[in-house]
Structures are given as structure tokens and as C-alpha cells.
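Student: In terms of the numbering used here, the sequence shown opens at residue 1 and continues consecutively.
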Amino acid sequence: SPTTHYIDYAKREVELELHEQRLLRTIVPPLLDAFKPLLRWSRFERVVYVNNWLLSTNLYPPLDPATIQEIRDELIRRFPQHVIIFRSVNERLNAPLLHDLIALRFRPVFSRQVYIIDPATEQQLYRKRKSIRRDILLSKRSEYQWLSAEQLGPSDSERLAELYADLYLHKYSFDNPQFNAAFVTAALHDGWLRIWALAHNGRIDGVLGYVERHGVMTTPLLGYDRAVSAKAGLYRLLSLKLLEEAEQHGFVLHLSSGAADFKRHRGGQPAIEYNLVYDRHCARRQRLPWRMLDVLTRRAIVPVMQRFKL
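#1: Tell me, which residues are paired with Pro108 by DSSP?
#2: How close, in whole Å, do the beta carbons of Ser131 and His5 come, if the pair is a contact with beta carbons under 8 Å?
#3: Using only CA atoms, which one of Ala199, Leu169, Asp175 and Leu152 lies nearest to Ala187?
#4: Which partner residues does Ile195 have in the DSSP bridge list?
#5: Would Val216 be called buried (16 or more neighbouring beta carbons within 10 Å of its own) or exposed?
#6: For my contact list, Tyr224 and Val83 are in at a C-beta cut-off of 8 Å; report their separation, rounded to the angstrom.
#7: According to DSSP, simplified to helix, strand and coil, what is Trp53?
#8: Can you check whether the CB of Tyr210 is closer than 9 Å to the CB of Leu221?
#9: To the nearest angstrom, report how far apart Arg38 and Pro154 are at their CA atoms.
#10: How big is the Cα-Cα spacing for Arg134 and Glu244?
#11: Return the CA-CA distance between Arg226 and Ala283, expressed in angstroms with no decimal places.
#12: For the beta strand (DSSP E) holding Gln145, just list the boundary residues, first then last.
#13: Can you list, in chain order, the residues of its chain with a C-beta nearer than 7 Å to that of Ile68? Leave out the 5 residues immediately preceding and following it.
#14: With DSSP as the reference, please indicate the residues paired to Arg203 in a beta bridge.
#15: Would you call the segment 180 to 194 and the segment 18 to 28 in contact, with 3 or more CB pairs under 8 Å?
#16: Tell me the DSSP bridge mates of Gly341?
#17: Would you mind working out which of Gly202, Val207, Tyr172 and Pro119 sits nearest Trp196, comparing C-alpha positions?
#18: Could you say which of Val295, Pro289 and Arg298 lies nearest to Arg40 if we only look at CA atoms?
#19: Going by C-alpha distance, which of Phe110, Ile7 and Thr218 is nearest Leu55?
#20: When you compare only the Cα positions, how much space is there between Gln286 and Ser42?
#21: Thinking just about the alpha-carbon of each residue, which of Trp53, Pro61, Gly258 and Ile272 is nearest to the one in Leu167?
#22: Using only alpha-carbon positions, find the residue among Arg46, Leu59 and Trp53 that is nearest to Ile76.
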């Protein structure tokens, strides 16, 4: 929901990413909470998301201006009291879509800073980075083996879901998607997620699952056993596997947000991601918070993120 994204999840990001910025960690959370009464009054939650996959990142097919306008007009007709939003739009991957939405009077409101890498076209840079070379050496020396989706079955689903939950829910935030064993079983059966698991001596200690659309891949399912020694480098092995998959298949890898230093050191390029908001048909009080967010994020949040390389 918009409130969860802009208030609750933002507070958690401040806690996780601004370790050494005590002043910001003290000031920002109560400031964000102070907006909640206004958001409730303004019916901030009354929105319709277009192309919503119920994942942290939405990937888009090609959309021409006429189709976008048709979608917008039909949604206005069906949901006359709802704000219409295209999520997960950034200049690097979605430049035509971004420009067409703005031309149709959608407002770009900052959502988050993400990291993107194209190892297939930047192979020399990708292979020469010290962090990547160390990860490759770790992989060669590791006793862990990769299991493909074909080598996994329903009996593994509970463990895979547990690994995801340990990282993305218990360590990061319960505002992340909460995938259970039934979800993993369905993903293995249908194949819409390309799932790989890391195993040692018959025990699965890491998992990744990525989805690809029109040459761009993102990883909604990722997790590892945090009780395993850091020397095993499970997160590094998982991240390297994603880069190798992207390189092998010629995909652009959308690394999402968070772990900024780790992703930068491996070639991730920052990109500002937006919610494209259309609210011109809505009541004034519904438009107010989106206008406030637009100003606040452009003048304060984005400069802070860029300064601290979040």
C-alpha cells in the first residue's frame, strides 16, 4: 500500500541503511509517523496499481501511448474515486514509458533508488571488478552445489520459503511480500519463477528465484540461512549466480533497492524509480498528499539518498 511504502518501509530503510547517521535515525521516523493522520484523512490508500504483480518490482511489456491512454481512461471510468499508479518506472529501463506517462499528465513521484547492471554488454567491467573476482574465487572454492528447479520438489518448498522469510521478513521487514511454501510449490510447478538452490551435504542453505520479462530480470525470491558462517559467503554466491544468469541469457539485471554498497561494488548503477501518479480526476484532498510527496522527495529525500549513496 502507499502508506506502507512511504511511511512504514521508509522507516525501516532508515534503520537499516543509515547506521552511522544517528541524527537522521532519530529525526526521520517520528517525522514520517506525523504524516499518517493526514494520509488517512486524504484517503491516501484509495489507489489502483496498473500491472501489479504483487512483487517488490514490476516489469513492463512495451506500451504505446494510445494503449496507455486507453488504460488510463478505462480505469478512470471504473474507479472514478481512485488515484491511478504505474509502479517501478525508471529512466534507464523504461524511458519511453516514463516520457509517455508524463505526456499524459501522470506525475512522477519518487519511490526508491534501485540498482541495475547489464553484465552481457558490460562484460569487461563486470569481470574486472575486484569484488566480482573475489566472488568467483569463492565460488570455485565453495563446497556448495547448485540445484536447478528440476532437481527440487514440493518437499523442498518449506525450506525454501523459510530461507526467504529469515532474510526478507525477519532481518529486513514484514512489510515485504510474505511468500509461503504453497507459493514456492506453485512457482516450481508453473515455472514462472526460475528457481535455484544452494545445497551442501544434502541440506539447502540458499535460494533465489527470478522472473524475466522482455529482457529484464528481477529476483523476488532470495534467501539464505543466516546461521551459517559468514565465511561461506552465501549472499555473495547467490548474487554471483544472478549475474551469471543475466550474462548467460543476455538479460539486464534489476537489483532492486537496499545493500547499496554491495551492489555498487559489483557494478550496479543507481537509478531513481518512480510511481507515475494520475490524480487529476480525484478530489482535492486526495491530490494533496501526492503533491506534498512530490515536493518533499525532490527537495529532501532524493538529495539525502544521493549524498549517502543509498
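Glycine is no exception: its CB is placed at the ideal position from the N, C-alpha and C atoms.
Tutor: So, from the data block:
#1: Answer by DSSP bridge pairing, in chain order: Leu276.
#2: Not quite, the Cβ-Cβ distance comes to about 30 Å (not below 8 Å), so this is no contact.
#3: That would be Leu152, whose Cα lies nearest to the Cα of Ala187.
#4: Gly209
#5: buried
#6: Your pair Tyr224 and Val83 does not check out as a contact, with CB atoms roughly 37 Å apart and the cut at 8 Å.
#7: coil
#8: Between Leu221 and Tyr210, the gap from beta carbon to beta carbon is short of 9 Å.
#9: As written in the sequence, residue 38 is Leu, which differs from the Arg given in the question. Taking the straight line from one Cα to the other gives about 46 Å.
#10: 14 Å
#11: Rounded to whole angstroms, Arg226 to Ala283 spans 48 Å at the Cα level.
#12: Note, Gln145: beta strand (DSSP E), Gln145 to Ser148.
#13: Asp100, Leu101 and Leu104, listed in sequence order.
#14: His200
#15: no
#16: One cannot answer for residue 341 here, as it falls past the ends of the chain, which runs 1 to 310.
#17: Val207
#18: Pro289
#19: Minimum Cα distance to Leu55 is reached at Thr218.
#20: 5 Å
#21: When only C-alpha atoms are compared, the closest one is Gly258.
#22: Arg46
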